[in-house]
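A.B. asks: Structure in C-alpha cells, see below.
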Amino acid sequence: MKYIDEFRDGQVAQGLATRIRQEVEPGRDYALMEFCGGHTHAICRYGIEDLLPDQVRLIHGPGCPVCVLPSGRLQSAIDLVEREQIILCSYGDLLRVPGAHGDTLLRAKARGANVQMVYSISDALDIARAQPDRHVVFFAIGFETTTPPTAVAILQARREGLHNFSVYCNHVLTPPALRAILTDQRSLAEAGSGKQDHGTLHGCIGPAHVSTIIGSEPYQFVAAEHRHPLVIAGFEPLDVLQAILLLIRQINAGEAKVENEYTRAVTPEGNRKAQRLMAEVFLLRPGFEWRGLGELPDSALAIRPEFAEWDAERRFVIPAIQAADHKACACAEVLRGIKRPQDCKVFGIACTPDHPLGSCMVSAEGACAAHYHYGRFRQAAV
Amino acid sequence: MNLTRQRFAHPLDVKNGCIELSHGGGGRAMAQLIEELFLAAFDNDWLRAQDDCARLPACGGRLVMATDSHVVSPLFFPGGDIGCLSVHGTINDVAMSGAQPLYLAATFILEEGFPLADLKKIVDSMAQAARRAGVSIVTGDTKVVERGKGDGVFITTTGVGVIPPGVEISASRAKPGDVILISGALGDHGMAVLSQRENLSFDSPIVSDTAALHELVAVMIQATPGIHCLRDPTRGGLGSALNEIAQQSGVGMRLREAAIPVHEPVRALCEFLGLDPLYVANEGKLLAICPAELAETVRATLRGHPLGQEAAIIGEVVEDPHGFVEMETTFGGRRLVDWLSGEQLPRIC
Amino acid sequence: MCLAIPAQVVEMVDDEHAVVDMSGVRKLISIALLDELAVGDYVIVHVGYALSRLDPEEAAETLRLFSEYSALTVQTA
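Chains as they are written, first to last, in our numbering: chain H, 72 to 453; chain A, 2 to 350; chain C, 8 to 84.
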C-alpha cells in the first residue's frame with residue numbers, strides 16, 4: 072500500500088531505534104505524551120515500546136473522542152432513539168460504550184431501537200433520502216478531523232432541503248484539551264507530588280490528522296507558554312519513532328519548538344477551506360463537560376442557530392443527563408496521563424473489554440483497551 | 002422420473018414465485034417445493050426414497066459429526082453464497098478432525114416472501130458444492146416463518162464422517178516446540194462479505210475463499226499422520242482459533258507477523274475500516290500445528306495442493322502458563338494477539 | 008484519534024465527489040473539503056471525506072530522512 076508500507080519498514084525502524092538509544096542521555100528520563108488515540112493504537116499495535124530504551128516513557132493522552140464523551144451525553148442518545156420514532160446513525164466506535172447504568176446503543180438496538188452503524192455521515196444522509204417518512208439523527212463525535220465532514224453534510228442537507236435529518240453534535244477541540252492537560256501536569260509538578268510518574272512531562276507528540284485540518288500553528292502555545300517541545304507525527308510507526316527522536320533532540324538541547332514530522336499531509340496553516348466550513352456551521356459552546364477532564368470552556372462546538380433545522384438538540388427535547396462514572400473507574404486519571412492503565416485497581420479484573428466500566432476500555436484506541444488488547448502480557452512477564 | 006407431471010397440476014413458478022406459508026404446511030405445496038427444488042438439485046438414492054430419514058451403511062470406524070447454522074448477510078457475495086458456504090463449512094468442520102466427510106443433512110428455515118429464484122440459486126449452489134466434494138446430502142427439513150421473522154433463509158447443515166485409524170487430531174494436542182502453519186492468505190471471506198453490506202459498500206476485487214478442505218486434509222494426513230491440530234479459522238479469524246487451541250492445550254504461542262499472508266486488497270479494506278485481518282473470517286483456509294520435524298513436509302504438502310499454494314509457517318507453540326498468543330510485529334516490537342470479546346466493528350478512531 | 012488513510016484519486020465524478028483507490032479497493036468519497044484535485048493525486052481519507060492532499064515530494068523527503076538517520080547508525084554501529 073503506497074504511502075503506508077514504506078512508513079512501516081522494520082529495518083529502518085531498527086536503525087531509528089538504535090539512533091534513539093545512542094542519543095538519550097544516560098540517567099535522564101524522557102516522559103512524552105502522545106495526545107492522540109491513533110498514536111496510542113499504533114504504539115501498542117506495533118509494540119513500539121519494545122524498541123525504545125527504558126528511559127523513554129510514553130504517556131497516553133485524552134485524544135480519543137469516544138473516551139472523553141461524557142456517559143450522560145451517550146445516555147441521552149440511547150434515550151432519544153428509544154423514545155422517538157427516529158433512526159439513529161452512529162460510527163461503530165460508539166455502539167458498545169456504556170452509558171449510564173452500563174446500557175449501550177447495541178443493547179438498545181437489541182431491544183428494538185433503530186440504531187444503524189455507518190462508515191460516514193454521508194451514509195446517514197443516504198438513509199434520510201431513502202426514508203423520507205423517518206427522521207434520521209446522526210450521532211456526531213470527533214475532534215477537528217471529523218468535524219469538517221459533519222459541516223459538509225449539514226450544508227448539503229440545507230442545499231437539498233432535506234428536513235428529516237439532524238445532527239446530535241458532540242464535536243470537541245484539541246488545543247483546549249491539550250492546554251488542560253499541560254496545565255494539570257504543571258500544577259502537579261509545582262505541587263511537588265514527589266512521585267516520578269506524576270506531573271513530569273517533557274514533550275508531546277502532536278496529532279496527525281487533526282493537524283491536517285488545523286495546521287501546526289495552533290500548537291505554538293505548547294512551546295511558548297508551557298515550554299515543551301511538540302512534534303506533529305504521522306500515524307505510521309516510523310513517523311512515531313522519528314517524532315520521538317526529534318523530541319529527544321529538542322529536550323537534550325533544552326529547546327521548545329513546534330516541529331512537523333508529518334509534512335506530507337500537514338502545513339502550518341492547515342486546510343483553510345475545511346476551517347471556513349466549520350466556522351460557517353458551528354460555534355463554540357461556552358463550556359462542555361469532558362469525561363475525565365471536567366468542564367472546559369470554549370472546548371466544544373454547537374450547531375449555529377441558522378442551522379437549527381439540522382440540530383437534533385433543537386428538533387428534539389434532549390434532557391441533560393448527569394451520569395456518574397463507576398466508583399472504581401480511574402478513566403479520569405488515565406486520560407490525564409496521571410495513571411497508567413495497569414495502575415487502575417479494576418483494570419483487567421472487574422473492567423475488561425467484555426465488561427467495560429469506563430470508556431478507556433471500550434474505544435479501540437482508549438489507553439486501557441489498547442494496553443489490555445495488545446500489551447498486558449508484559450505485566451505477566453515481570 | 003416425471004413425478005411432477007403426475008402429482009402437481011402446475012410446476013413451481015421459480016422465476017417469479019415466492020415462498021408462502023403453505024410451503025411449510027406439510028401438504029401438497031410443501032411436497033412440491035421439496036420435489037421440484039430440493040430433490041431435483043440434490044438427487045440421490047436416499048432422497049429418492051422420500052423417507053423422513055436416510056438409512057446409511059455401517060461405517061466401520063470412528064464416527065465424527067459436526068453441525069453449523071448459517072445466517073450470513075448478504076446471502077449472495079463475491080465468490081459464493083449461503084448455499085455453498087453451508088456445505089463447505091460443515092465438510093470442513095468434519096475434516097478438521099481428520100475424518101473423511103460422507104453425508105450431510107440440510108435444514109432450511111425460509112421466510113414468507115423469499116423469492117423462489119433466489120432459493121433455487123442457493124439450492125443449486127449447495128448441490129454443486131456437495132457433488133464436487135463427493136459428499137451426499139441425504140436428508141433434510143423445511144420450515145416457513147412469517148414475513149419479518151427470518152432473514153430470507155437460515156440454513157443448518159450437519160455432517161458425518163469417519164476418521165481413518167491411527168489419526169489423533171485435536172485442539173488439546175498442541176505441544177511446546179510444535180510449529181504453526183496457515184494454508185493461505187487471511188481475511189478474504191470476511192472482507193468480501195463486509196464490502197457488500199449496506200452502509201459500508203466498497204468496490205473491491207476481494208472474493209470469498211469458501212472451499213471444501215477435506216481433500217487437502219486427506220493429502221496432509223497421508224503425508225504426515227503425526228499432525229497434532231487442524232482448525233479452520235472461521236468466525237473470529239486466526240486470532241480466535243489460536244487462542245482457543247492455546248487454552249485447550251494449555252500452551253502459549255509466538256507468531257511472526259511478517260510471515261502471515263494477507264492479500265493486498267484485504268489489507269487495504271481492513272485499513273479503511275480499522276479492522277485487524279487476524280480476526281476476520283476465513284472459509285477456505287486451515288491452520289495446522291505439528292511437531293517441528295514435520296513442518297517442512299506439511300508446508301510442502303500444502304503448497305503442492307491448489308488450496309494451499311500460499312501456505313506459510315507462521316510461528317511456534319511455547320510453554321506459557323498464561324496461554325498468551327504473542328506476535329512479533331513487522332516492526333520488530335511485540336504485541337498480544339488477544340482473544341476478542343465480540344465481533345470487530347469498523348471504527349473511525 | 009482519526010483513522011485516515013492515503014488513497015489515490017482515480018476518477019473525478021463531479022465537483023464534490025471522486026472515486027479513490029487503495030490497492031484495488033475503491034470507494035466513492037466526498038472531496039468537498041479540497042480544491043483543485045486531479046486524477047492521480049493522493050489524498051488522506053477519513054470517514055468518506057478527503058481531508059488533505061498528500062504531497063509526494065514531502066513524503067519522499069520524510070523517507071529520505073528516516074533512511075539518513077537509520078543509515079548513520081549503521082555506519083557508527
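Built from N, CA and C at the ideal position, the CB exists for glycine as well.
To the nearest angstrom, report how far apart Glu-330(H) and Gly-109(H) are at their CA atoms.
C.D. replies: As a first step, residue 330(H) is located in the first sequence; it is residue number 259 there, counting from the start. As a first step, residue 109(H) is located in the first sequence; it is residue number 38 there, counting from the start. Whole-angstrom Cα-Cα distance: 19 Å.
A.B. asks: Looking at the unbroken beta strand (DSSP E) that takes in Glu-21(A), where does it start and where does it end?
C.D. replies: The residue labelled residue 21(A) in the question sits at position 20 within the second sequence. Glu-21(A) -> no beta strand (DSSP E), and no H or E assigned at all.
A.B. asks: Using a Cβ-Cβ cut-off of 8 Å, state whether Ile-192(H) counts as contacting chain C.
C.D. replies: As a first step, residue 192(H) must be located in the first sequence, where it is residue number 121. Taking Cβ atoms only, chain C reaches closer than 8 Å to Ile-192(H), which makes this a yes.
A.B. asks: Whole alpha helix (DSSP H) runs in the region 374-444 of chain H with 4 or more residues, listed along the chain?
C.D. replies: Segments of the alpha helix (DSSP H) lying fully in the region 374-444 of chain H: 383-386, 402-406, 438-441.
A.B. asks: Please tell me whether Val-50(C) has its Cβ less than 8 Å away from any Cβ of chain A.
C.D. replies: Indexing the third sequence from 1 puts residue 50(C) at position 43. Answer no: the Cβ-Cβ gap between Val-50(C) and chain A never drops below 8 Å.
A.B. asks: Buried or exposed for Pro-166(A), going by 16 or more other Cβ atoms inside 10 Å?
C.D. replies: Numbered from its first residue, the second sequence carries residue 166(A) at position 165. Under this definition Pro-166(A) is an exposed residue.
A.B. asks: For the alpha helix (DSSP H) containing Val-152(H), name the first residue and the last one.
C.D. replies: Stepping through the first sequence from its first residue, residue 152(H) is reached at position 81. From DSSP, the alpha helix (DSSP H) with Val-152(H) extends over 142-154.
A.B. asks: Applying a beta-carbon distance threshold of less than 8 Å, which residues of chain A neighbour Asp-121(H)?
C.D. replies: The residue you call residue 121(H) lines up with position 50 of the first sequence. Under the 8 Å cutoff, chain A gives Gly-333, Gly-334, Arg-335.
A.B. asks: Would you call the CB atoms of Asp-164(H) and Ala-435(H) closer than 8 Å?
C.D. replies: In the first sequence, the residue the question calls residue 164(H) occupies position 93. In the first sequence, the residue the question calls residue 435(H) occupies position 364. Yes. Within cutoff.
A.B. asks: Can you tell me whether DSSP reads Tyr-74(H) as helix, strand or coil?
C.D. replies: Residue numbering aside, residue 74(H) sits at position 3 when the first sequence is read from its first letter. If DSSP states are grouped into helix, strand and coil, Tyr-74(H) belongs with coil.
A.B. asks: Closer than 7 Å to a non-hydrogen atom of the ligand FMN - does that hold for the CB of Gly-408(H)?
C.D. replies: Here there are no bound small molecules, and the ligand FMN is not part of this structure.
A.B. asks: By the three-class DSSP mapping on this structure, what secondary structure does Phe-214(H) have?
C.D. replies: Here residue 214(H) refers to the residue found at position 143 of the first sequence. Looking at Phe-214(H) - three-state DSSP - the assignment turns out to be coil, as it is neither helix nor strand.
A.B. asks: Specify, as a first and last residue, the run of the alpha helix (DSSP H) that Asn-323(H) falls within.
C.D. replies: Counting from one through the first sequence, the residue named residue 323(H) turns up at place 252. First-last of the alpha helix (DSSP H) with Asn-323(H): 308-323.
A.B. asks: Against Gly-55(C), what residues of chain H qualify as contacts under a CB-to-CB distance less than 8 Å, listed in chain order?
C.D. replies: For the purposes of this step, residue 55(C) is identified with residue 48 of the third sequence, where counting begins at 1. Under the 8 Å cutoff, chain H gives Tyr-190, Ser-191, Ile-192, Ser-193, Asp-194, Pro-220.
A.B. asks: Quick one: Cα of Val-88(A) to Cα of Leu-105(A), how far?
C.D. replies: Sequence index remark: in the second sequence, residue 88(A) carries index 87 (1-based). Sequence index remark: in the second sequence, residue 105(A) carries index 104 (1-based). Spanning the two alpha carbons is a distance of roughly 8 Å.
A.B. asks: Whose Cβ in chain H lies nearer than 9 Å to the Cβ of Ala-269(A)?
C.D. replies: Counting from one through the second sequence, the residue named residue 269(A) turns up at place 268. Chain H residues near Ala-269(A): Met-72, Ile-75.
A.B. asks: May I ask which residues mark the beginning and end of the beta strand (DSSP E) holding Leu-103(H)?
C.D. replies: The count along the first sequence starts at 1 and reaches residue 103(H) at position 32. Taken as a continuous stretch (DSSP letters only), the beta strand (DSSP E) holding Leu-103(H) covers 101-107.
A.B. asks: Please confirm whether Thr-157(A) and Thr-68(A) have their CB atoms less than 8 Å apart.
C.D. replies: Locating residue 157(A) in the second sequence gives position 156, where the first residue counts as 1. Locating residue 68(A) in the second sequence gives position 67, where the first residue counts as 1. Closer than 8 Å, so yes.
A.B. asks: Comparing the C-beta of Ile-12(C) with each C-beta of chain A, is any distance below 8 Å?
C.D. replies: In the third sequence, counting from the first residue as 1, residue 12(C) sits at position 5. Answer yes: the Cβ-Cβ gap between Ile-12(C) and chain A drops below 8 Å somewhere.
A.B. asks: Rounded to whole angstroms, what is the Cα-Cα separation between Gly-178(A) and Arg-133(A)?
C.D. replies: Position 177 of the second sequence holds residue 178(A). Position 132 of the second sequence holds residue 133(A). Going by the C-alpha atoms only, they are around 37 Å apart.
A.B. asks: Step through the CB atoms of chain H and report whether any lies within less than 8 Å of the CB of Glu-320(A).
C.D. replies: Mapped onto the second sequence, residue 320(A) falls at position 319. It does not; no Cβ of chain H falls within 8 Å.
A.B. asks: So is Ile-110(A) in contact with chain C if we call contact Cβ pairs under 8 Å?
C.D. replies: One-based indexing of the second sequence puts residue 110(A) at position 109. With 8 Å as the cut-off, Ile-110(A) does not count as an interface residue toward chain C.
A.B. asks: With 8 Å as the threshold, decide whether the Cβ of Met-29(C) is near any Cβ in chain H.
C.D. replies: Along the third sequence, read from residue 1 onward, the residue named residue 29(C) stands at position 22. Chain H, which has a Cβ nearer than 8 Å to the Cβ of Met-29(C), makes this yes.
A.B. asks: Identify, in the order they occur along the chain, each residue of the same chain with its Cβ nearer than 6 Å to the Cβ of Gly-358(H), setting aside the five sequence neighbours on each side.
C.D. replies: The count along the first sequence starts at 1 and reaches residue 358(H) at position 287. Closer than 6 Å at Cβ, skipping near neighbours: Glu-366, Pro-368.
A.B. asks: Check the Cβ-Cβ distances between Gly-251(A) and every residue of chain H, and say whether any is below 8 Å.
C.D. replies: Indexing the second sequence from 1 puts residue 251(A) at position 250. No, no contact with chain H.
A.B. asks: Under a three-way DSSP split, which group does Gly-252(H) fall into?
C.D. replies: Within the first sequence, the letter at position 181 stands for residue 252(H). The amino acid occupying residue 252(H) in the given sequence is Ile; Gly does not appear at that position. Helix at Ile-252(H).
A.B. asks: Hey, out of Arg-304(A), Ala-289(A), Gly-84(A), Leu-243(A), whose CA is closest to Asp-119(A)'s CA?
C.D. replies: The residue you call residue 119(A) lines up with position 118 of the second sequence. Looking at the Cα atoms, Gly-84(A) is the closest of the given residues.
A.B. asks: Three Cβ pairs or more, each shorter than 8 Å: is that satisfied between the region 75-84 of chain H and the region 303-321 of chain H?
C.D. replies: Counting Cβ pairs under 8 Å, three or more are found: they touch.
A.B. asks: Provide the residue span of the beta strand (DSSP E) that contains Ala-187(H), from first to last.
C.D. replies: Residue mapping note: residue 187(H) aligns to position 116 of the first sequence, counting from 1. Sequence inspection shows Gln at residue 187(H); the Ala mentioned does not correspond to that position. First-last of the beta strand (DSSP E) with Gln-187(H): 186-188.
A.B. asks: So with Cβ pairs under 8 Å, would you call Arg-33(C) a contact of chain A?
C.D. replies: Taking the first residue of the third sequence as 1, we reach residue 33(C) at position 26. It does; some Cβ of chain A falls within 8 Å.
A.B. asks: In terms of residue numbering, what span does the beta strand (DSSP E) encompassing Val-26(C) cover?
C.D. replies: Walking along the third sequence from the start, residue 26(C) turns up at place 19. Taken as a continuous stretch (DSSP letters only), the beta strand (DSSP E) holding Val-26(C) covers 24-29.
A.B. asks: Got a sec, what are the start and stop residues for the alpha helix (DSSP H) Lys-180(H) sits in?
C.D. replies: Counting from one through the first sequence, the residue named residue 180(H) turns up at place 109. 176-181 is the span of the alpha helix (DSSP H), which, as asked, contains Lys-180(H).
A.B. asks: Please state whether the Cβ-Cβ distance between Val-139(A) and Ala-55(A) is less than 8 Å.
C.D. replies: Reading the second sequence from its first residue, position 138 is the one you call residue 139(A). Reading the second sequence from its first residue, position 54 is the one you call residue 55(A). The answer is yes: Cβ separation under 8 Å.
A.B. asks: Considering Cα atoms alone, identify which of Cys-350(A), Glu-329(A), Ile-349(A) is closest to Tyr-445(H).
C.D. replies: What you label residue 445(H) is simply residue 374 of the first sequence in a count that begins at 1. Among Cys-350(A), Glu-329(A), Ile-349(A), the Cα nearest to that of Tyr-445(H) belongs to Glu-329(A).
A.B. asks: Measure how close the beta-carbons of His-112(H) and Ala-441(H) come, nearest whole angstrom, since I'm counting them as under 8 Å.
C.D. replies: For this step, residue 112(H) is matched to residue 41 along the first sequence. For this step, residue 441(H) is matched to residue 370 along the first sequence. Sure, about 6 Å apart at Cβ, within 8 Å.
A.B. asks: For Arg-447(H), which of helix, strand or coil comes out of DSSP?
C.D. replies: On the first sequence, residue 447(H) is found 376 positions in, with the first residue counted as 1. Of the three classes helix, strand and coil, the one that applies to Arg-447(H) here is coil, per DSSP.
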